[in-house]
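The sequence shown begins at 2 in our numbering and counts up by one.
Cβ atoms here follow ideal geometry from the backbone N, Cα and C, with glycine treated the same way.
Have a look at the structure below before the remarks.
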Amino acid sequence: MGIVIALMVATTVLILALLALVWFSFRLMFRSRPRTADWILASSLESGDVKPAWLDLPWMEAFVVADGGYRLALHALAGRTNHTAIFHHGHNWCWYGMLRYMEPFIAAGWNVVAFDSRGHGRSEGGPASFGYFEKQDLRRMVDWVWQVFPKVDFLLTYGESMGGASVLQHAAIDDRVGAVVADCPYVSVRAELDHQLALYRLPRLVRGLVVQLVEILVRWLDGYSFFEADPMAAIMRTPVPILFIHGQEDRYVPWRFSVAMQAKRQGFAPTELLLVPGARHAKSRQVDPVLYDRTVADFVTRCLAASAGSVPGTRTDGLQAAVDLKPLIGG
Numbered sequence: 002m003g004i005v006i007a008l009m010v011a012t013t014v015l016i017l018a019l020l021a022l023v024w025f026s027f028r029l030m031f032r033s034r035p036r037t038a039d040w041i042l043a044s045s046l047e048s049g050d051v052k053p054a055w056l057d058l059p060w061m062e063a064f065v066v067a068d069g070g071y072r073l074a075l076h077a078l079a080g081r082t083n084h085t086a087i088f089h090h091g092h093n094w095c096w097y098g099m100l101r102y103m104e105p106f107i108a109a110g111w112n113v114v115a116f117d118s119r120g121h122g123r124s125e126g127g128p129a130s131f132g133y134f135e136k137q138d139l140r141r142m143v144d145w146v147w148q149v150f151p152k153v154d155f156l157l158t159y160g161e162s163m164g165g166a167s168v169l170q171h172a173a174i175d176d177r178v179g180a181v182v183a184d185c186p187y188v189s190v191r192a193e194l195d196h197q198l199a200l201y202r203l204p205r206l207v208r209g210l211v212v213q214l215v216e217i218l219v220r221w222l223d224g225y226s227f228f229e230a231d232p233m234a235a236i237m238r239t240p241v242p243i244l245f246i247h248g249q250e251d252r253y254v255p256w257r258f259s260v261a262m263q264a265k266r267q268g269f270a271p272t273e274l275l276l277v278p279g280a281r282h283a284k285s286r287q288v289d290p291v292l293y294d295r296t297v298a299d300f301v302t303r304c305l306a307a308s309a310g311s312v313p314g315t316r317t318d319g320l321q322a323a324v325d326l327k328p329l330i331g332g
């Protein structure tokens with residue numbers, strides 16, 4: 002009898018421990034609180050990621066209504082060309098985090114658009130779905146771009162971390178996209194959650210069970226399956242050129258994710274990869290801005306040339322020169 006009771010107690014403890022781990026994992030990824038826009042701006046100004054002069058540019062501010070009825074806040078800047086880029090930030094951040102990536106595009110005269118993801122910054126909705134709903138939000142952003150900049154001749158989408166994963170998923174459902182830059186994206190939500198749990202040294206079997214149970218919880222509370230938030234699958238459903246960028250010291254979203262996506266897509270469609278030594282998560286441009294900007298500029302040069310069916314240089318001098326024009330917009 003004593004053994005039976007002991008087994009029942011042990012089983013109960015294990016079940017409670019598992020449920021606690023599931024709830025912790027759910028809170029870790031799906032209910033973490035985004036930073037406020039004021040905090041992000043102050044932090045970014047202090048670190049130098051945002052320069053005060055950028056904030057003084059003549060930004061347009063608007064809201065786009067998403068399919069779910071919530072409003073998405075955006076900032077846009079009209080350029081002197083018909084090339085346009087949409088920027089999507091990472092989890093728990095806001096549009097300020099994309100200003101550093103917009104810098105060379107602004108200098109080159111592109112139209113640029115950045116928005117606060119659902120549940121972030123001034124946008125409504127949420128919580129984050131890691132690309133499941135965000136890909137549809139991006140499609141509404143493209144609709145807005147076509148209304149405001151009706152002469153768009155080339156559209157690039159550019160995302161960081163969760164934003165990188167979202168632009169990859171969006172490209173698979175929107176043929177208006179001409180090219181994608183994805184900085185430190187994950188291959189799937191399943192893989193990223195498993196990686197986060199592995200950081201706590203949980204056994205593979207336990208991680209697999211927790212991922213399955215968290216998926217059930219997300220489906221119940223948020224109305225979608227995060228198994229469908231799958232950039233690895235999405236990149237095989239679009240022919241657009243993709244540039245993957247990843248820091249080799251990234252412990253949050255491991256660089257092997259970008260390597261795996263580049264390897265899988267190589268030979269299927271134009272795919273490039275930049276690995277930045279010494280760069281942690283979302284820090285590649287800060288670590289080596291010259292290499293970073295030159296790689297992006299060369300990639301965009303090739304994409305524009307292919308889009309125009311011309312020789313490189315005919316439509317691309319603007320961005321190619323932007324690496325040397327940064328003082329014009331940044332002080």
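Report the option in the options whose CA atom is closest to the CA atom of residue i.
{"i": "Arg34", "options": "Gly268, Arg81, Ala129, Leu20", "result": "Ala129"}
{"i": "Trp55", "options": "Ile87, Tyr102, Ala283", "result": "Tyr102"}
{"i": "Leu275", "options": "Phe269, Tyr253, Gly268, Ala298", "result": "Ala298"}
{"i": "Ala333", "options": "Pro278, Leu214, Leu194, Arg238", "result": "Here the chain comprises residues numbered 2 to 332, so residue 333 is not present and cannot be evaluated."}
{"i": "Asp223", "options": "Arg32, Thr12, Asp138, Ala11", "result": "Arg32"}
{"i": "Val65", "options": "Ser124, Met237, Ser45, Phe25", "result": "Ser124"}
{"i": "Ser167", "options": "Gly179, Phe134, Ala192", "result": "Phe134"}
{"i": "Tyr253", "options": "Thr302, Asp184, Gly209, Ala230", "result": "Asp184"}
{"i": "Trp111", "options": "Arg202, Gly69, Thr85", "result": "Thr85"}
{"i": "Arg238", "options": "Pro271, Ile87, Asp138", "result": "Pro271"}
{"i": "Gly120", "options": "Ala74, Val143, Gln263, Gln137", "result": "Ala74"}
{"i": "Val301", "options": "Gln263, Val241, Asp289, Leu58", "result": "Val241"}
{"i": "Asp68", "options": "Asp39, Arg257, Gly127, Phe258", "result": "Gly127"}
Does DSSP classify residue i as helix, strand or coil?
{"i": "Tyr102", "result": "helix"}
{"i": "Tyr159", "result": "strand"}
{"i": "Thr239", "result": "coil"}
{"i": "Arg266", "result": "helix"}
{"i": "His247", "result": "strand"}
{"i": "Arg202", "result": "coil"}
{"i": "Phe27", "result": "helix"}
{"i": "Ile174", "result": "coil"}
{"i": "Asp325", "result": "In this prediction, Asp325 scores a pLDDT of 38, lower than 50, which makes its location untrustworthy; the coordinate-derived value is nonetheless stated afterwards. Of the three classes helix, strand and coil, the one that applies to Asp325 here is helix, per DSSP."}
{"i": "Asp184", "result": "strand"}
{"i": "Phe300", "result": "helix"}
{"i": "Glu62", "result": "strand"}
{"i": "Tyr150", "result": "Before going further, note that residue 150 is Phe rather than Tyr in the sequence given. Correct three-state label for Phe150: coil."}
{"i": "Glu390", "result": "Only positions 2 to 332 of the chain appear in the structure, and residue 390 is not among them; the question remains open."}
{"i": "Glu273", "result": "strand"}
{"i": "Ser311", "result": "Reliability fails at Ser311, whose pLDDT of 42 lies under 50, so the model's placement of it is uncertain and no value is given."}
{"i": "Arg286", "result": "helix"}
When you compare only the Cα positions, how much space is there between residue i and residue j?
{"i": "Phe131", "j": "Ile6", "result": "44 angstroms"}
{"i": "Pro53", "j": "Ala307", "result": "36 angstroms"}
{"i": "Gly160", "j": "Ala173", "result": "15 angstroms"}
{"i": "Ile243", "j": "Phe269", "result": "11 angstroms"}
{"i": "Thr82", "j": "Val207", "result": "53 angstroms"}
{"i": "Leu194", "j": "Met30", "result": "7 angstroms"}
{"i": "Thr13", "j": "Ile4", "result": "14 angstroms"}
{"i": "Trp221", "j": "Phe227", "result": "11 angstroms"}
{"i": "Ala63", "j": "Ala79", "result": "13 angstroms"}
{"i": "Ser311", "j": "Arg140", "result": "Residue placement at Ser311 is flagged as unreliable, the pLDDT there being 42, under the threshold of 50; a coordinate-derived value is accordingly withheld."}
{"i": "Phe116", "j": "Ser162", "result": "15 angstroms"}
{"i": "Gly70", "j": "Val149", "result": "21 angstroms"}
{"i": "Pro105", "j": "Thr296", "result": "12 angstroms"}
{"i": "Ala309", "j": "Arg177", "result": "15 angstroms"}
{"i": "His76", "j": "Arg281", "result": "27 angstroms"}
{"i": "Phe61", "j": "Arg205", "result": "Looking at the sequence shown, residue 61 is not Phe but Met. Their Cα atoms are separated by approximately 48 angstroms."}
Which residues in the same chain as residue i place their Cβ atom closer than 7 angstroms to its Cβ, once the five residues preceding and following it in sequence are excluded?
{"i": "His196", "result": "Pro255"}
{"i": "Val23", "result": "Val211, Leu214, Val215, Leu218"}
Below 6 angstroms CB to CB, which residues in the same chain sit around residue i once its five sequence neighbours on both sides are set aside?
{"i": "Leu329", "result": "Residue confidence for Leu329 is low, a pLDDT of 31 falling below 50, so the modelled location carries little weight; the figure read from the coordinates is stated next. Cβ within range, chain order: Ala108."}
{"i": "Gly98", "result": "His90"}
{"i": "Ala235", "result": "Leu169, Gln170, Ala173"}
{"i": "Ser285", "result": "Ile246, Gly248, Val277, Tyr293"}
{"i": "Ser45", "result": "Val51, Tyr97"}
{"i": "Val288", "result": "Val277, Gly279, Ala280"}
{"i": "Ala230", "result": "Phe131, Gly132, Tyr133, Val190"}
Look at the Cβ atom of residue i, then the Cβ atom of residue j, and state whether they are nearer than 8 angstroms.
{"i": "Gly164", "j": "His247", "result": "no"}
{"i": "Val277", "j": "Gln249", "result": "yes"}
{"i": "Pro146", "j": "Val114", "result": "It should be noted that the sequence gives Val, not Pro, for residue 146. Yes."}
{"i": "Leu200", "j": "Pro186", "result": "no"}
{"i": "Val182", "j": "Leu157", "result": "yes"}
{"i": "Arg28", "j": "Asn93", "result": "no"}
For the ligand MG, any of its heavy atoms closer than 7 angstroms to the Cβ of residue i?
{"i": "Glu62", "result": "The model depicted lacks the ligand MG and carries no ligand whatsoever."}
For residue i, which residues from the same chain have a beta carbon less than 8 angstroms from its beta carbon, with the 5 sequence-adjacent residues on both sides left out?
{"i": "Ala261", "result": "Val188, Met233"}
{"i": "Tyr225", "result": "Ser130, Tyr133, Phe134, Val219"}
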